[in-house]
Amino acid sequence: MKLHIRNMVSTPCKIIVKNELDALGLKYHHITLGEVDLVDVPAEEEYTQLKTVLSKFAMELITDKKTMLIERIKNTIIDMVHYTEEFPKVKNSNYISEKIKHDYTYLANVFSRETGMTIEHYIINHKIERAKELLLYHELNLTEISYLLNYSSVAHLSRQFKQVTGLTASLFRNTSFENRIALENV
5 MKLHIRNMVS TPCKIIVKNE LDALGLKYHH ITLGEVDLVD VPAEEEYTQL KTVLSKFAME
65 LITDKKTMLI ERIKNTIIDM VHYTEEFPKV KNSNYISEKI KHDYTYLANV FSRETGMTIE
125 HYIINHKIER AKELLLYHEL NLTEISYLLN YSSVAHLSRQ FKQVTGLTAS LFRNTSFENR
185 IALENV
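Residues in the sequence shown are numbered from 5 upward in steps of one, following the working numbering.
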């Protein structure tokens, strides 16, 4: 049985969920961002306990199909931008459609209708958050960051960075702002 969990957006979140499942004695096949594949259907009491404990960590079980789809889209984007070694070199629409196994037009329409934001805007916000993180590490220059995040040019990244943050990338790096946004709030 698959459980869908809102705000399970990072490796620490996955560890929390794993620990709580273990504590409740719930067996699982695997845990991915936003999703747990349980071996058995939990009893009502176990389900309630899991729901309660996850809420303490600002996570929640999702049962609505549209909400599950939105969370799958979001988690696919978060994984693509923040947790892959190299940004996919295919179009975002193809990548998302292939990962979720749905027509991209359908996904884009549902996402926009339910969130009030386009998938592309959501991707841009996450790419800028990733760029901010990389800038704070001071390990890569802007050219390397633009390549890593699959921007067509440094100018393109710089333009989007300024639009989203109101700062130039170099000003952001030089002032060492620590105002990154938590992934679940992007």
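Each residue gets a CB set at the ideal place from its N, CA and C atoms; glycine is no exception.
Assuming contact is defined by CB atoms lying nearer than 8 Å, are residue i and residue j in contact in what I supplied?
{"i": "Leu58", "j": "Ile19", "result": "no"}
{"i": "Val21", "j": "Val40", "result": "yes"}
{"i": "Lys3", "j": "Glu118", "result": "Residue numbering for the chain in the displayed model covers 5 to 190; residue 3 lies beyond these limits and cannot be assessed."}
{"i": "Leu153", "j": "Lys131", "result": "yes"}
{"i": "Thr147", "j": "Val158", "result": "yes"}
{"i": "Gly120", "j": "Arg76", "result": "no"}
{"i": "Met84", "j": "Cys17", "result": "no"}
{"i": "Thr122", "j": "Ser116", "result": "yes"}
{"i": "Ala135", "j": "Phe165", "result": "yes"}
Alpha carbon to alpha carbon, how far is residue i from residue j?
{"i": "Asn113", "j": "Glu133", "result": "24 Å"}
{"i": "Leu65", "j": "Ile74", "result": "13 Å"}
{"i": "Arg163", "j": "Ser156", "result": "12 Å"}
{"i": "Leu138", "j": "Lys60", "result": "30 Å"}
{"i": "Lys95", "j": "Ala47", "result": "42 Å"}
{"i": "Ile100", "j": "Val13", "result": "17 Å"}
{"i": "Glu50", "j": "Asn129", "result": "36 Å"}
{"i": "Ser97", "j": "Asp26", "result": "36 Å"}
{"i": "Lys6", "j": "Thr179", "result": "44 Å"}
{"i": "Arg177", "j": "Gln167", "result": "16 Å"}
{"i": "Leu28", "j": "Ile104", "result": "30 Å"}
{"i": "Thr67", "j": "Lys55", "result": "12 Å"}
{"i": "Thr52", "j": "Met72", "result": "19 Å"}
So what does DSSP say about residue i, is it helix, strand or coil?
{"i": "Lys60", "result": "coil"}
{"i": "Lys2", "result": "This structure gives no information on residue 2, because the portion of the chain shown stretches from 5 to 190."}
{"i": "Leu139", "result": "helix"}
{"i": "Glu90", "result": "coil"}
{"i": "Asp41", "result": "strand"}
{"i": "Tyr151", "result": "helix"}
{"i": "Leu146", "result": "helix"}
Could you check if residue i is buried or exposed, using at least 16 other CB atoms within 10 Å of its CB as the buried criterion?
{"i": "Ala173", "result": "buried"}
{"i": "Tyr126", "result": "buried"}
{"i": "Leu161", "result": "buried"}
{"i": "Leu175", "result": "exposed"}
Spell out a yes or no on whether the region 16-34 and the region 69-86 are touching, meaning 3 or more CB-CB pairs, one atom from each, closer than 8 Å. Contact fails: fewer than three Cβ-Cβ distances are below 8 Å.
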